[in-house]
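Before any comments, here is the structure.
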Amino acid sequence: MIEVSGLTVRFGGVTSLDGMSVTFDAGTCGLIGPNGAGKTTFFNVLSGFLRPASGTVKAFDEDLLAMANFRRARWGVRRTFQTEQAIENLSVYHNVAMIHEHSKLSGSDRQTDVLGAIELVGLESVAYAKVRTLGAGQRRLVEVARAIVGKPRLVLLDEPAAGLPEAETAQLGEIIRGIPAHTGAMTILVDHDMSLVSSCCENTAVLDFGKMIASGPTAEVLRNEQVVRAYLGAEEAA
Amino acid sequence: MSTTEVATEATPKSSAPAPSRFEHGFYTRAAIIAVALLLVIILLPQILSLYYIDAMTQVAVYAIVALGLGVLVGRVGLISLGQAAILAIGAWVAARLLFATSLPYEVVLLAAGVITMALGTIVGLPALRMRGLYLALITLMLAGAITVVLASLNFPNGGHGFSGYNGALLHIPPIRRPGIATTDPAYFRYSVIAAAIMFLLVLVHVRTKPGRAWAAIRQSEPAALAAGINTTLYKLWAFALASFVTGVAGGLLAGAVRYLYSIDFQTQDSITLLAVVLMGGAYSIWGAIVAALLLQLLPAILNDIGVSPDWLVILFGIGVLQVLTTAPTGIVDQLPKDIARLFRFVTGASRRSAANQGSAQ
């Protein structure tokens, strides 16, 4: 469970997150909102790239903000990036194994675990290929594999379907729905593809101008008038 | 797809990280490198004049310096314009120890490496906060500062005290060489072997966990952090490794030239060094050898035929421009491709002319 309270982030005069308070329960939760609402900023705070001006984040009863940024991956915060960041000069295997290399995970055999994650995202045929030889869709899957290998506790997916064709988005949806069963981690999914969000997330929260404007069961949230006005309004007008 | 099945079935022991440790043709490559190394050690001193043997000793020394800078620029993406000053520190420490103690030369090289590593890592501290142009500028300034300190301190020449410098000495003793390598050809062999060990050290780093961490940092620091990489530690590690090998190179340089003067270490040498490393190829450790040939052998050849090596500044300028615009992986990667293209062109041309003749008849 992730409890966020009063989270505020400012860049100069711009307030990107404005006293954001929300609770994400277990499972896969959606986080939606128009561009510039602060979704990625929120992820960057969880990853430790940004220090909030105020507010607290408790993840599974631990104070996440007190943790050094590189330690958070070891603890279990994993993420993908809006513009994918798989390491081009390394093989798929080494991209995924990197998580193990830099954490002292015990128990499961590293190799089996890494190959398991690669298999889950369906990249086993290119497991030893260099990432720079892969297409955009496959690179995103490398990032997803890196997010679910080892023992993740909180997986942050930042627009994983952006720019993907429909068939690949469907495949991605299946992988995302498999994350809780495979890892036991909770997932926060940010995406603009509402069908992906509805099919993956039981609950969804909506950010607008750095403030939570709604949260609850996904279907209800998507019917919420305020949400429709803030986010889907443009779509309906069109 | 059959490859899919193979990959999924052959799970743990049989196939997995095999590509990491022993890539395709690993033993062949190792054998080729070993043979090339033996040829250089045995054959070159036989066929070269003393003038060129000395030049090649310098090539061996500067290949190590270029190797260190290549780690920073090519692997981690950190631009340092202070490597000539780091080299000077290594040379100073080695010279001081060689005059003051009777330690074996290898121990002195190691000590020069370790002390330079400590100082060089401090020079690398700004890299934790900045990169690109600002880091280049800061390292350049630090290098300038080191050069000024060395100029006032002077290089040891057998005097007493901390600096070991005595301006009143009439007969300055040369810096001693290892007992097994007092002659120029022997010292050349000694330097090549020392350089080979440094290359091995860097190769091991690049091919294992630190090398992969550096690849991640170079591409994206957020991605590296998100993968749990302690970016601070690995950036400093890169500076430590680069400084260590450069310090050892400084120790080798002391024995190679035998008389050291602070005028030999100019701040602008660091800039030329970066230029040749980019030309040689910063992304391959072999590019460092090409860089050293450009930096040391080319001026020696020009001197030999009576042309001022100062012209090289122009050549290097054009060379860097050419590399950055058309061949970012440098000469070491581009030359084999160009040769292959030329070969295809020549063979293709002869085949075409043969075909033309055939059709004419």
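Here the protein sequences come in this chain order: A and B. Residues in the first sequence are numbered from 1 upward in steps of one, following the working numbering. Residues in the second sequence are numbered from 239 upward in steps of one, following the working numbering. Note that CB positions come from ideal geometry on N, CA and C, so glycine has one too.
query                                                                                                                                                                                        : result
Quick one: what's A/Asn203 bridged to in DSSP?                                                                                                                                               : A/Cys29 and A/Pro217
Is B/Met379 helix, strand or coil when you go by DSSP?                                                                                                                                       : helix
Go through the region 367-418 of chain B residue by residue and report every complete run of the alpha helix (DSSP H) that reaches 4 residues or more, in order.                             : 370-391
Does the beta carbon of A/Leu154 sit closer than 9 Å to a beta carbon anywhere in chain B?                                                                                                   : no
At what residue ranges does the region 47-78 of chain A contain a whole run of the beta strand (DSSP E), taking only runs of 3 or more?                                                      : 54-59
Going by DSSP, what residues sit across from A/Lys39 in a beta bridge?                                                                                                                       : Note: A/Lys39 sits in no beta bridge, so no partner.
What's the C-alpha gap between A/Asn69 and B/Arg496?                                                                                                                                         : 49 Å
To which residues of the same chain is B/Thr585 closer than 8 Å at the C-beta, ignoring the five residues directly before and after it?                                                      : none
Assign A/Leu189 to one of three DSSP states: helix, strand, or coil.                                                                                                                         : strand
Between B/Gly306 and B/Gly519, what straight-line distance do the alpha-carbon atoms span, to the nearest angstrom?                                                                          : 13 Å
What residue from B/Asp502, B/Ala526, B/Arg589 and B/Leu319 has the CA that sits closest to B/Ile376's CA?                                                                                   : B/Leu319
Would you kindly work out how many angstroms separate the C-alpha atoms of A/Val228 and A/Val206, rounded to a whole number?                                                                 : 10 Å
Within 8 Å: the Cβ of B/Ser287 and any heavy atom of the ligand FAD?                                                                                                                         : No copy of the ligand FAD occurs in the structure displayed, which carries no ligand at all.
Do you know how far the Cα of A/Trp75 is from the Cα of A/Ala280?                                                                                                                            : Not covered by the structure: residue 280 of chain A. The range shown for chain A is 1 to 238.
Hey, A/His94 and A/Gly150 are a contact pair by Cβ (cut 8 Å); roughly how many whole angstroms apart?                                                                                        : Contact flag wrong, Cβ pair sits at about 14 Å.
Can you name the residues of chain B whose CB is closer than 7 Å to the CB of A/Arg79?                                                                                                       : Ala464
When you compare the CB of A/Phe11 with every CB in chain B, is at least one pair closer than 9 Å?                                                                                           : no
Measuring alpha carbon to alpha carbon, tell me which of A/Val221, A/Phe24 and A/Glu159 ends up nearest A/Ala59.                                                                             : A/Phe24
Of all Cβ atoms in chain A, is any one closer than 9 Å to the Cβ of B/Gln457?                                                                                                                : yes
I'd like the list of long-range same chain contacts for B/Arg259, defined as Cβ closer than 6 Å, with 5 residues on each side in sequence excluded.                                          : Reliability fails at B/Arg259, whose pLDDT of 48 lies under 50, so the model's placement of it is uncertain and the value that follows must be treated cautiously. Counting only Cβ-Cβ distances below 6 Å, and skipping sequence neighbours, we find nothing.
Within the same chain, show all residues whose beta-carbon is closer than 8 Å to that of A/Leu141, passing over the 5 residues directly before and after it, in chain order.                 : Val121, Gly122, Leu123, Leu172 and Ile175
Verify whether the separation of the beta carbon atoms of B/Ala529 and B/Val515 is less than 9 Å.                                                                                            : yes
Give the interface partners of A/Arg74 over in chain B, defined as CB-CB distance under 9 Å, in chain order.                                                                                 : Gly466
Answer yes if the region 474-484 of chain B comes into contact with the region 346-363 of chain B, meaning at least three C-beta pairs across the two stretches below 8 Å, and no otherwise. : yes
Taking C-alpha atoms, which residue in A/Phe209, A/Arg71 and A/Glu159 lies nearest to A/Met194?                                                                                              : A/Glu159
Taking the continuous alpha helix (DSSP H) assigned at B/Ser429, which residues delimit it?                                                                                                  : Asp422 to Arg445
To be precise: take each residue of the region 561-576 of chain B, compare its Cβ to all Cβ atoms of chain A, and keep it if any distance is under 8 Å. Which residues remain?               : none
For chain B, check one thing: does any of its Cβ atoms lie closer than 9 Å to the Cβ of A/Ala167?                                                                                            : no
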